Amino acid sequence: MTRRVAVIGAGASGLVCIKSCLDEGLEPVCFESSDDIGGLWRFKVGGATSGGTLCNHLG
364 MTRRVAVIGA
374 GASGLVCIKS
384 CLDEGLEPVC
394 FESSDDIGGL
404 WRFKVGGATS
414 GGTLCNHLG
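Count along the sequence shown starting at 1, add 363, and that's the number in our numbering.
And the structure:
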């Protein structure tokens, strides 16, 4: 029987956690509050979703 692991959030750390679980033969179940993955890697600037990092938009 495969063990399930709850992963909270699909940001950078959550995605690494999911990969690690899969590598160990576990079944990760991710709970993400937004409609997309990436956390702070993906954010909205003026209503448009950006694929860049938050650092790119700090002046």
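Ideal Cβ placement from N, Cα and C applies to all residues, glycine included. The model shown is predicted, which means the values in this text are computed figures rather than measured ones.
| Check | Outcome |
| --- | --- |
| Through-space distance from M364 to W404, alpha-carbon basis | 35 angstroms |
| Unbroken beta strand (DSSP E) run spanning I371, endpoints | 367-371 |
| C-alpha distance - S376 paired with E395, whole-angstrom precision | 12 angstroms |
| 8 angstroms Cβ cutoff met for L389 and R366 | yes |
| Counted within 10 angstroms of its Cβ, other Cβ atoms place A369 as buried (16 or more) or exposed | exposed |
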